[in-house]
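Q:
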Amino acid sequence: MTKIAILGGRVVDPVNERDEIANLYIEKGKIISILPSRLEDFVADHTIDAKDKIVCPGLVDTSATILTEDVTHQSVVSSLKLAAVAGITHLASHAFIQNRCLSPSEINDLSRVLNQSNQPKVYFIGALTQNLQGLFLGELMLFKEAGCIGVSNGTQPIISTLVKRHSYEYADMLGLKIFTALEDPFLAQTGCVHEGETSARLGLPGIPSISESLALVKELLLIEDTGVLAHFYRISTDKSVQILKESVRRHLKITSDVAIHQLFLTDAAVQLDNGLLHVRPPFASQDDLQTLRRALKEGVITAISSDHVSLSSQVKELPFQDSEPGIASWPLLLPLTLQLAEEENIPLLEAIKLITSAPAAALGIEGGNLNCGSLANLIVVDLNKTWSREDLVKFGSNTPFLNWPLRGGVCYTIIDGQIAYNA
Amino acid sequence: MINPIKHLLALEALSKEQITEILKYANHFLHHSANQENKQILAFKTVINLFFESSTRTRSSFEIAAKRLGADVINFAIETSSAKKGETLLDTIDNLSAMEADLFIVRHSSSGAAEYLANHLKTHASIINAGDGCHEHPSQGLLDLFAIQYYKKQFDQIKVAIVGDILHSRVARSLIQGLKKLGTPEICVVGPKTLMPSSIDKLGVEVFYDLKPGIQDADVIVMLRLQKERMTGVYLPSEQEYRHIYGIDQQKLTYAKPDVIIMHPGPINRGVEISSEVADGPHSIILKQVSFGVAVRMAIMTLLLKPKALQSL
Chain A
0 MTKIAILGGR
10 VVDPVNERDE
20 IANLYIEKGK
30 IISILPSRLE
40 DFVADHTIDA
50 KDKIVCPGLV
60 DTSATILTED
70 VTHQSVVSSL
80 KLAAVAGITH
90 LASHAFIQNR
100 CLSPSEINDL
110 SRVLNQSNQP
120 KVYFIGALTQ
130 NLQGLFLGEL
140 MLFKEAGCIG
150 VSNGTQPIIS
160 TLVKRHSYEY
170 ADMLGLKIFT
180 ALEDPFLAQT
190 GCVHEGETSA
200 RLGLPGIPSI
210 SESLALVKEL
220 LLIEDTGVLA
230 HFYRISTDKS
240 VQILKESVRR
250 HLKITSDVAI
260 HQLFLTDAAV
270 QLDNGLLHVR
280 PPFASQDDLQ
290 TLRRALKEGV
300 ITAISSDHVS
310 LSSQVKELPF
320 QDSEPGIASW
330 PLLLPLTLQL
340 AEEENIPLLE
350 AIKLITSAPA
360 AALGIEGGNL
370 NCGSLANLIV
380 VDLNKTWSRE
390 DLVKFGSNTP
400 FLNWPLRGGV
410 CYTIIDGQIA
420 YNA
Chain B
0 MINPIKHLLA
10 LEALSKEQIT
20 EILKYANHFL
30 HHSANQENKQ
40 ILAFKTVINL
50 FFESSTRTRS
60 SFEIAAKRLG
70 ADVINFAIET
80 SSAKKGETLL
90 DTIDNLSAME
100 ADLFIVRHSS
110 SGAAEYLANH
120 LKTHASIINA
130 GDGCHEHPSQ
140 GLLDLFAIQY
150 YKKQFDQIKV
160 AIVGDILHSR
170 VARSLIQGLK
180 KLGTPEICVV
190 GPKTLMPSSI
200 DKLGVEVFYD
210 LKPGIQDADV
220 IVMLRLQKER
230 MTGVYLPSEQ
240 EYRHIYGIDQ
250 QKLTYAKPDV
260 IIMHPGPINR
270 GVEISSEVAD
280 GPHSIILKQV
290 SFGVAVRMAI
300 MTLLLKPKAL
310 QSL
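Protein sequence lines, in the order shown, are assigned to chains A and B. With numbering that gives the first Met the number 0, letter number 417 in the first sequence gets 416, and the count goes up by one each step, no holes. With numbering that gives the first Met the number 0, letter number 163 in the second sequence gets 162, and the count goes up by one each step, no holes.
1. Below 9 Å on C-beta distance, what does residue 311/B contact in chain A?
2. According to DSSP, residue 257/A sits in a beta bridge with which residue or residues?
3. Can you grab the Cα-Cα spacing for the pair residue 420/A / residue 46/A, in whole Å?
4. Are the Cβ atoms of residue 381/A and residue 52/A separated by less than 8 Å?
5. Which whole runs of the alpha helix (DSSP H) in the segment 334–418 of chain A are 4 residues long or more, in chain order?
6. Over what stretch of residues does the alpha helix (DSSP H) that includes residue 64/B continue unbroken?
7. Specify whether the segment 258–271 of chain A and the segment 355–365 of chain A touch according to this definition: at least 3 beta carbon pairs, one from each stretch, less than 8 Å apart.
8. Looking only at C-alpha atoms, which of 74/B, 126/B, 166/B and 171/B sits nearest to residue 143/B?
9. Find the nearest neighbour of residue 213/A within the set 279/A, 239/A and 308/A, judged by alpha-carbon distance.
10. Take every Cβ of the segment 228–246 of chain A, pair it with every Cβ of the segment 287–306 of chain A, and state whether three or more of those distances are shorter than 8 Å.
11. If you draw a straight line from the alpha carbon of residue 148/B to that of residue 407/A, how long is it in whole angstroms?
12. Write down the C-beta distance between residue 60/B and residue 292/B rounded to the nearest angstrom, noting that I regard them as a contact closer than 8 Å.
13. Check whether the segment 118–136 of chain B touches the segment 160–178 of chain B, counting contact only when three or more Cβ pairs, one atom from each stretch, lie closer than 8 Å.
14. What are the residues in the segment 114–133 of chain B lying within 9 Å of chain A by C-beta distance?
15. Which whole-angstrom value describes the C-beta separation of residue 180/A and residue 233/A, a residue pair presumed to lie in contact below a C-beta threshold of 8 Å?
16. Using a C-beta to C-beta distance shorter than 8 Å, which residues of chain A count as neighbours of residue 287/B?
17. Would residue 131/B be called buried (16 or more neighbouring beta carbons within 10 Å of its own) or exposed?
18. For residue 339/A, which option in 303/A, 58/A and 325/A has the closest C-alpha, if you only look at C-alpha atoms?
19. Kindly indicate if chain A contains any beta-carbon less than 8 Å away from that of residue 199/B.
20. Taking Cβ-Cβ distances below 7 Å as the criterion, which residues of the segment 157–174 of chain B are in contact with chain A?
21. Starting from residue 17/A, trace the alpha helix (DSSP H) both ways and give me its first and last residue.
22. Along chain B, which residues have their Cβ under 9 Å away from the Cβ of residue 319/A?
23. Would you tell me roughly how many angstroms separate the C-alpha atoms of residue 227/B and residue 190/B, rounded to the nearest one?
24. Using a Cβ-Cβ cut-off of less than 7 Å, give me the residues of the segment 185–196 of chain B that come near chain A, in sequence order.
25. For chain B, check one thing: does any of its Cβ atoms lie closer than 8 Å to the Cβ of residue 196/A?
26. Taking only runs that begin and end inside the segment 154–217 of chain B, name each unbroken beta strand (DSSP E) of 3 or more residues, in chain order.
27. Keeping to the same chain, check which residues put their C-beta closer than 6 Å to that of residue 208/B; ignore five residues upstream and five downstream.
28. Considering only C-alpha positions, which residue in the set 32/A, 402/A and 397/A is nearest to residue 306/A?
29. Could you check whether residue 329/A and residue 63/A sit closer than 8 Å to each other, using their CB atoms as the reference points?
30. Would you mind reading off the limits of the beta strand (DSSP E) that contains residue 125/A?
31. I need the straight-line Cα distance from residue 343/B to residue 10/B, nearest angstrom please.
32. If we define contact as Cβ-Cβ less than 8 Å, is residue 235/B a contact residue for chain A?
33. Would you call residue 279/A buried or exposed, if buried means 16 or more other Cβ atoms sit within 10 Å of its Cβ?
34. What does residue 164/A touch in chain B if you count any residue whose Cβ is under 7 Å from its own?
35. Starting from residue 179/A, trace the beta strand (DSSP E) both ways and give me its first and last residue.
36. From the DSSP secondary-structure annotation, give me the bridge partner or partners of residue 32/A.
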């Protein structure tokens, strides 16, 4: 095992409320010491000069798509290599893509391969109902034994409230958290853009805000009734935040995230002739965006996720209405969170928390901290690093951020004490 | 002074001057539509009607207009399943680019399809949007404006009411954009709440769910076609109820100004949105719209392909 010394960096660790210039030492995969002075008699195999750099926990992503329909081990590993470039060390992934669900044994096999790859750690989320059809309960115990940290029905609706209630009860019995995308299947059915002035002007079928908030209210009642732990993906509207506030006040056992791009774009930027701004949930209004930012500061929304998905130009370079939703957002997670901190006067420690320890807690996993004695999963960040178009396109050409002045990038990603990426 | 335009994709993208100019040349073609000299204007030009959605009227109108200008016209009707829409569009672009046509007239069920084609064509060809999803139908919008100008002489002192399925209407969106550009002070949209886009008022129109105040003292009433499949189901309870509330007949016509004109993009559902006596009555200019359509489309095509020809008119 490599002995690594990271010297002179600004160590930012929200869990331990540490924000100071210090040296960090890694041995046998673990952080053994963080201290302002040099550790005498430590002979490093690799020394990283972190002067003028940030040293912080690796990013934790609650929502990213890493499986492709063919689900080859190779494709997943190459996808994870990109995640490491973006500074991600832990991420949650559905164990299904569209209607193709991995079986518990497939999850086991894939996890075994991924664990040996020295790439970001993947935590799978199993299918809540069989084949996501919303008709019969999924084999939740088997998913749990295969290492799944939770269960979800993805974006597929469970129409029957009976099936839904029973699946939540069953998940609760097994201590499995449910991960839920909020959308009313009927109200959102044909829509592709936020319902408002833009949809009225462009003649695009809209998804009303109430689609999300109505789903949220129903979910909250069922969650309270069944006692299950729950996480809400991709909160996007003002109304949802107001409802969440009340739940937070009542100490319901819920967590939530907002996709990073939702904090920077609105439906006003939508163009008819391309699908670059086609996301689900759709970009909402400026008021919604402001509320989302406030909700992060106030702790109403728990964490920022990437909602990353890499899509081909064949499905993205189409008229907006015909394109598939999704943005290649991994490379945005760090620089846009830093930009958010600057624009909203959020202390760096707090901002880093939103993409490290807070999502780790939401997922219920180890990680997102620089505890001494813990496995070293961390990144070294250059705040002045800029992103070229070529850098961004590597993650997928489906990004509307090519011309953004993104600042802040990763110099090193260290996973379990090994250098997984070095810029 | 002619302001050349490469494509006609949306009235939202045109200036007041450009719209006025098209209306001016349309007036010329209305009065000289059968002149033999017109045949020289687009001689040796190839116009392709590319319709991903079925259409008889609009396609024929463009075809007649193009032929009167001496162009060669080819019709393509491409039926597509909704799942394959995007792929077909991409494939089609490359094929068509190779044909070296001068003008494509495109109708497609997706908003933005014409603009997408315009931005991806590999040749110099022009594109006219003949209806993209629920977005715009600019040549229809221009012929509607032409009809209003023909009968009302001006735009800045009239009330225009647009009645029916606003939500799905590209005709309404184009007309609203055009009327705004030309300074019409009172544009009212009238229809059931289920067929009214939320926030449509932000486009500068007044919203009415009740017909009477909506068309009160109107100078122009534009009745929209209600698709059969939307008459019963999640938007409306029944055809009868729609007719009862929004269908225009002689009695309801009395709410409007005595010299009101009744327009309709066609084809009309007789006895649903409009009674036969109104459709065939003295206020109706529905058939005149059809003949204006040819003149307006002649003007548009000339402006796009041979703007110099307009200087000598």
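Using N, Cα and C, we set each Cβ at its ideal position, and we do this for glycine too. In this text, all values refer to a predicted model and were calculated from it rather than measured experimentally.
A: So, from the listed chains and residues:
1. Working through the second sequence from its first residue, we reach residue 311/B at position 312. Below the 9 Å Cβ cutoff, chain A contributes no neighbours of residue 311/B, its closest Cβ being approximately 35 Å away.
2. Residue numbering aside, residue 257/A sits at position 258 when the first sequence is read from its first letter. DSSP lists 303/A as partners of residue 257/A.
3. In the first sequence, counting from the first residue as 1, residue 420/A sits at position 421. In the first sequence, counting from the first residue as 1, residue 46/A sits at position 47. About 15 Å.
4. Counted from its first residue, the first sequence places residue 381/A at position 382. Counted from its first residue, the first sequence places residue 52/A at position 53. In this structure, residue 52/A lies closer than 8 Å to residue 381/A by Cβ.
5. 347–354, 356–362 and 388–392
6. Here the question's residue 64/B lines up with position 65 in the second sequence. It spans 56–67 - the alpha helix (DSSP H) in which residue 64/B sits, taken as one unbroken run.
7. no
8. One-based indexing of the second sequence puts residue 143/B at position 144. The shortest C-alpha separation from residue 143/B is found at 171/B.
9. Counting from one through the first sequence, the residue named residue 213/A turns up at place 214. The residue with the shortest Cα to Cα distance from residue 213/A is 239/A.
10. By the Cβ rule, the segment 228–246 of chain A counts as touching the segment 287–306 of chain A, because three or more pairs are nearer than 8 Å.
11. As a first step, residue 148/B must be located in the second sequence, where it is residue number 149. As a first step, residue 407/A must be located in the first sequence, where it is residue number 408. Residue 148/B and residue 407/A: Cα-Cα distance of roughly 58 Å.
12. On the second sequence, position 61 is the one that residue 60/B refers to. On the second sequence, position 293 is the one that residue 292/B refers to. 5 Å between Cβ atoms; contact.
13. yes
14. With the criterion set as a beta carbon lying under 9 Å from some beta carbon of chain A, the members of the segment 114–133 of chain B are 114, 115, 116, 117, 118, 119, 131, 132 and 133, in sequence order.
15. As a first step, residue 180/A must be located in the first sequence, where it is residue number 181. As a first step, residue 233/A must be located in the first sequence, where it is residue number 234. 7 Å between Cβ atoms; contact.
16. As a position in the second sequence, residue 287/B is number 288, starting the count at 1. None at all; the shortest Cβ gap to chain A is about 27 Å.
17. Taking the second sequence and counting its residues from 1, one reaches residue 131/B at position 132. Looking at its Cβ environment, which holds 16 or more other Cβ atoms inside 10 Å, residue 131/B is buried.
18. Numbered from its first residue, the first sequence carries residue 339/A at position 340. With distances taken between Cα atoms, residue 339/A lies closest to 303/A.
19. Residue mapping note: residue 199/B aligns to position 200 of the second sequence, counting from 1. True, the Cβ-Cβ gap to chain A drops below 8 Å.
20. 169 and 172
21. Within the first sequence, residue 17/A is the residue found at index 18, counting from 1. Per DSSP, residue 17/A is not a residue of any alpha helix (DSSP H); the beta strand (DSSP E) it occupies stretches across 17–26.
22. As a position in the first sequence, residue 319/A is number 320, starting the count at 1. Under the 9 Å cutoff, chain B gives 109, 110, 111 and 115.
23. Taking the first residue of the second sequence as position 1, residue 227/B is located at position 228. Taking the first residue of the second sequence as position 1, residue 190/B is located at position 191. Between residue 227/B and residue 190/B, the C-alpha separation is close to 16 Å.
24. 196
25. As a working mapping, residue 196/A is identified with position 197 in the first sequence. Yes, contact with chain B.
26. 158–162, 185–189 and 205–207
27. Within the second sequence, the letter at position 209 stands for residue 208/B. 192.
28. Within the first sequence, numbered from 1, the residue matching residue 306/A stands at position 307. Nearest of 32/A, 402/A and 397/A to residue 306/A, Cα basis: 397/A.
29. Stepping through the first sequence from its first residue, residue 63/A is reached at position 64. Stepping through the first sequence from its first residue, residue 329/A is reached at position 330. Taking 8 Å as the Cβ cut-off, residue 63/A and residue 329/A qualify as a contacting pair.
30. Against the first sequence, residue 125/A aligns to sequence position 126. From DSSP, the beta strand (DSSP E) with residue 125/A extends over 120–126.
31. For residue 343/B there is no data in the structure shown, the boundaries of chain B being 0 and 312.
32. Here residue 235/B refers to the residue found at position 236 when the second sequence is read from its first residue. No, because no Cβ of chain A sits closer than 8 Å to the Cβ of residue 235/B.
33. Working through the first sequence from its first residue, we reach residue 279/A at position 280. Classification for residue 279/A: buried.
34. Indexing the first sequence from 1 puts residue 164/A at position 165. Neighbours of residue 164/A on chain B: none; closest Cβ ~27 Å, over 7 Å.
35. The count along the first sequence starts at 1 and reaches residue 179/A at position 180. Taken as a continuous stretch (DSSP letters only), the beta strand (DSSP E) holding residue 179/A covers 176–180.
36. Start at 1 with the first residue of the first sequence, and residue 32/A comes out as number 33. The beta-bridge partner set that DSSP reports for residue 32/A consists of 24/A.
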